[in-house]
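Here this note's numbering is used: position 272 in the sequence shown is 1151, and no number is missing along the way.
Where a beta carbon is used, it is the ideal one built from N, C-alpha and C, also for glycine.
These notes concern the structure reproduced below.
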Amino acid sequence: MKMQFKSIGVLVLAAAVSFTSCKKQDGVNAPKGDFDRSSKALFPDTHTLPTATGTISGVITSNITLTNDKVWFIDGPTFVDSLATITIQPGTYIKGKATSTTTSGFPSYLVIRRGAKIDAQGTTANPIVFTSAKASGQRAKGDWGGVVLLGQAPTNQAKPQIEGIPATQIPAALAGKDAIGYGGATETDNSGILKNVRIEFAGVIVDADLGNELNGLTLGGVGAGTTLDHIQVSYGADDAFEFFGGSVNAKYLISYGNDDDDLDFDQGFQGSIQFALAAKDLNFTYSSSPNGIESNNISSPIVTTGGAFASRVTQPVLSNITFVGGATAGPTSGIGHLFRVNSSYIVRNSINFGFNNGATLISTTGSEYSNSYVHGYTAAVSGSAATSTAVTTLTGANPNTTIKLVLPFSTTAPDWRIQASAPAAIRTGAVFTGLAVTHPGGTFTAFDTTPAYLGAFGLQSAGRWDSGGWASYEPFTNAY
């Protein structure tokens, strides 16, 4: 098919988008690509793990440190109680046990309760890794639950409970203590630090009756005092990152090969993300709607306690993000960027291609989609933002012949940097004027305005921020 491209201002909404629950449905098949996990894996993890082990389980009521001289196991539902801090040393590996092997018979996952903190500061060479307890070659999506971080920043819900975790899995010691509640009135709430962290093979079904999975990293009411920096979520059975309200800001995020959405925003989330990559591994099947971004508000905001945040609107502010679907039409049925249900948004300086439909937008107060490249095999953009300038749209086959990233669709040596021959608008078209986050509580977050380029990575001649050891694109065969 011939490639078509044009610059757009504002488009007319073509069709309404139906709203579905967070529960996903399996079954979108992907074609096979260049695939040899045995010898060509990008950034393999070559660390030798200690032989000593430790276990965390149940309710952690006082400060604890997971040291890197042991491999630590999460045995069933594990909660860090309010006012306690879990510290994890650089180079520590934490493995979630399969449900069939846990003491309780329940899935393994880690919940940092509202008022508790996590201090997980890995380094580039020695990241902190949450992964499957299964051996190399036996790991799979959904081997364990994931990491849940709950805070005291605002949402637009009344006394929300984090989705997915049934009451039967909450330890008796937390009965009546709002164990999975989140949200509050503190925009700058601090739930801790996650830096140079990987989360792999999460997404086990935690509620068999409803079929609900956990995300790789779930964030409920997490505030702007929290640090999220250099985090990779790969091969999860649900979303990679989901933000339920809150005001946390993040940078250098990677979602790779996850079944459902890469970034999911809900319940009045108002924070920023700069430098984020989302890519599918086309050797796998995905959910029925594996969107890159899915952003929802609520039709009629509920009055929270005191009513202060009832009208709070979901509005992520995103810059320098690269979202990659498939090399041909049909490998995923999702949408690159889906904004719906009264969600607002600001997207700048970004690249989005390889999905059947590039972006579905709604014109809400404050919404903006600018200075970006958007491709869809069927349609590039449906609907419109309130503000839209300098957006180049592409339709048809072979989008990378125009966009010109290095190897964006490779499953063995992917490289999302920009070729020297890419269009000037991609190499030098970034615009940061007026781009910032001002929370209702007054917190201001500035963006790094030095990049001239669109997308998560710069030119091929420059380095790449996912190198150095902290990220790995082949956790199936890593020797840990």
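>> Using only the alpha-carbon positions, how far apart do Val1182 and Gly1313 sit?
In response: Annotation note: pLDDT 48 at Val1182 (below 50); position unreliable, coordinate value reported separately. Cα to Cα, the separation comes out at about 31 Å.
> For the region 1186-1199 against the region 1105-1113, are there 3 or more C-beta pairs whose distance is under 8 Å?
Replying inline: Taking 8 Å as the limit for Cβ pairs, the verdict is that the region 1105-1113 does not touch the region 1186-1199.
> Can the beta-carbon of Gly1082 be found closer than 7 Å to that of Ile997?
Replying inline: Result no, Cβ atoms of Gly1082 and Ile997 do not sit closer than 7 Å.
> For Ser979, which three-state DSSP category applies?
Replying inline: The DSSP-derived three-state label of Ser979 is helix.
>> Tell me the residue span of the alpha helix (DSSP H) that contains Asn1422.
In response: Outside the displayed span of the chain (880 to 1359) sits residue 1422, for which this structure offers no information.
> What number of angstroms, rounded off, separates the C-alpha of Arg1219 from the C-alpha of Asp960?
Replying inline: C-alpha of Arg1219 to C-alpha of Asp960: approximately 35 Å in a straight line.
> Run through DSSP, which three-state label would Gln1048 get?
Replying inline: In the three-state reduction of the DSSP assignment, Gln1048 falls in the helix class, which pools H, G and I.
>> Whole angstroms are fine: how far does the CA of Gln1048 sit from the CA of Ala1103?
In response: Whole-angstrom Cα-Cα distance: 29 Å.
>> Would Arg1077 and Leu1029 be called neighbours here (beta carbons separated by less than 7 Å)?
In response: Against a cut-off of 7 Å, the Cβ pair of Leu1029 and Arg1077 comes out as no contact.
> Can you list, in chain order, the residues of its chain whose CB lies under 8 Å from that of Phe1355, leaving out five sequence neighbours each side?
Replying inline: The residues Arg916, Ser1015, Gly1016, Arg1018 and Tyr1114, in chain order, have a CB closer than 8 Å to that of Phe1355 in the same chain once the five nearest residues on each side in sequence are set aside.
> Smallest Cα separation from Gly1275: which of Val1008, Gly1255, Leu1286 and Ser1267?
Replying inline: With distances taken between Cα atoms, Gly1275 lies closest to Gly1255.
>> How far does the alpha helix (DSSP H) with Ala1303 in it extend, from its first residue to its last?
In response: Following the DSSP letters along the chain, one finds Ala1303 inside the alpha helix (DSSP H) bounded by residues Ala1303 to Thr1307.
> In the structure shown, what three-state DSSP assignment does Leu1053 receive?
Replying inline: Correct three-state label for Leu1053: helix.
> Smallest Cα separation from Ser1174: which of Arg1296, Asp1141, Thr971 and Ile1305?
Replying inline: Nearest of Arg1296, Asp1141, Thr971 and Ile1305 to Ser1174, Cα basis: Asp1141.
> In this structure, what does DSSP give as the bridge partners for Gln1040?
Replying inline: Answer is Gly1060.
> Ala1259 lies in the beta strand (DSSP E); which residues open and close that run?
Replying inline: Taken as a continuous stretch (DSSP letters only), the beta strand (DSSP E) holding Ala1259 covers Ser1251 to Ser1261.
> Could you give the C-beta distance for Ser1223 and Thr1239, rounded to a whole number, given that I count them as a contact under 8 Å?
Replying inline: The distance from the Cβ of Ser1223 to that of Thr1239 is about 14 Å, inconsistent with a contact at the 8 Å cut-off.
> Asn1221: which of Thr1097, Asn1035 and Thr946 sits nearest, CA to CA?
Replying inline: Comparing Cα-Cα distances from Asn1221 to each of Thr1097, Asn1035 and Thr946, the minimum goes to Asn1035.
> Is there contact here, the region 968-980 with the region 1039-1056, by at least three beta-carbon pairs under 8 Å?
Replying inline: No, they do not touch.
> In the structure shown, what three-state DSSP assignment does Thr1329 receive?
Replying inline: Three-state DSSP puts Thr1329 in coil, outside helix and strand.
>> Three or more C-beta pairs under 8 Å: does that hold for the region 1120-1139 against the region 994-1011?
In response: With a cut-off of 8 Å, the region 994-1011 and the region 1120-1139 do not count as touching, because too few Cβ pairs lie within range.
>> Measuring straight from C-alpha to C-alpha, what distance separates Val950 and Thr927?
In response: Put simply, the backbone Cα of Val950 is about 11 Å away from that of Thr927.
>> Since Gly1099 and Gly1062 should fall inside the 8 Å C-beta cutoff, what is the C-beta to C-beta distance between them, to a whole number of angstroms?
In response: Confirmed, Cβ separation roughly 7 Å.
> Taking the C-alpha atoms as reference points, what is the distance between Glu1353 and Gly1055?
Replying inline: So the alpha carbons of these two residues sit roughly 42 Å apart.
> Is the beta carbon of Asn1277 sitting closer than 7 Å to the one on Thr1257?
Replying inline: No, the Cβ-Cβ distance between Asn1277 and Thr1257 is not below 7 Å.
> Between Ser1249 and Arg1227, what straight-line distance do the alpha-carbon atoms span, to the nearest angstrom?
Replying inline: C-alpha separation (whole angstroms): 5 Å.
>> Within a Cβ cutoff of 7 Å, which residues of the same chain sit near Asp913, ignoring the five residues on either side of it in sequence?
In response: Below a pLDDT of 50, predicted positions are generally treated as unreliable, and Asp913, at 31, falls in that range; the measurement from the model is reported next regardless. Cβ within range, chain order: Ser1289, Thr1290 and Thr1291.
>> By alpha-carbon positions, which one of Gln1298, Leu1286, Thr1193 and Asp1118 ends up nearest to Gly1213?
In response: If we check each option's Cα against that of Gly1213, Asp1118 comes out closest.
> Secondary structure at Asp1068, three-state DSSP: helix, strand or coil?
Replying inline: Coil at Asp1068, not helix or strand.
>> Given this structure, state the Cα-to-Cα distance separating Pro1169 from Glu1092, to the nearest angstrom.
In response: Answer to the nearest angstrom: the Cα atoms are 14 Å apart.
>> Just to confirm my understanding: we take Gly1347, look at its own chain, exclude 5 residues before and 5 after, and list those with CB closer than 7 Å. What are they?
In response: Leaving aside the five residues that flank Gly1347 on each side, the residues in its chain whose CB is nearer than 7 Å to its CB run, in chain order, Thr1003 and Ala1004.
> What does a CB cutoff of less than 6 Å around Asp1145 pick up in its chain, not counting 5 residues either side in sequence?
Replying inline: Non-local beta-carbon contacts of Asp1145 in its own chain, meaning distances under 6 Å to residues more than five positions away in sequence, involve Phe1123 and Asn1175 in chain order.
> For Ile1044, which of Ala1037, Leu1197 and Ala1087 has the nearest alpha-carbon?
Replying inline: Scanning Ala1037, Leu1197 and Ala1087 for the CA closest to the CA of Ile1044 turns up Ala1087.
> Which one of Ile953, Ser983 and Phe958 has the shortest CA to CA distance from Tyr972?
Replying inline: Ranking the options by Cα distance to Tyr972, first place goes to Ile953.
> Count the other CB atoms within 10 Å of the CB of Ser1300; is the residue buried (16 or more) or exposed (fewer)?
Replying inline: Classified as exposed, Ser1300 has fewer than 16 neighbouring CB atoms from the shown chains inside 10 Å of its CB.
> Nearest to Ala1037 by CA position, among Asn1162, Ala1064 and Ser987, is which residue?
Replying inline: The alpha carbon of Ala1037 has as its nearest neighbour, out of Asn1162, Ala1064 and Ser987, the alpha carbon of Ala1064.
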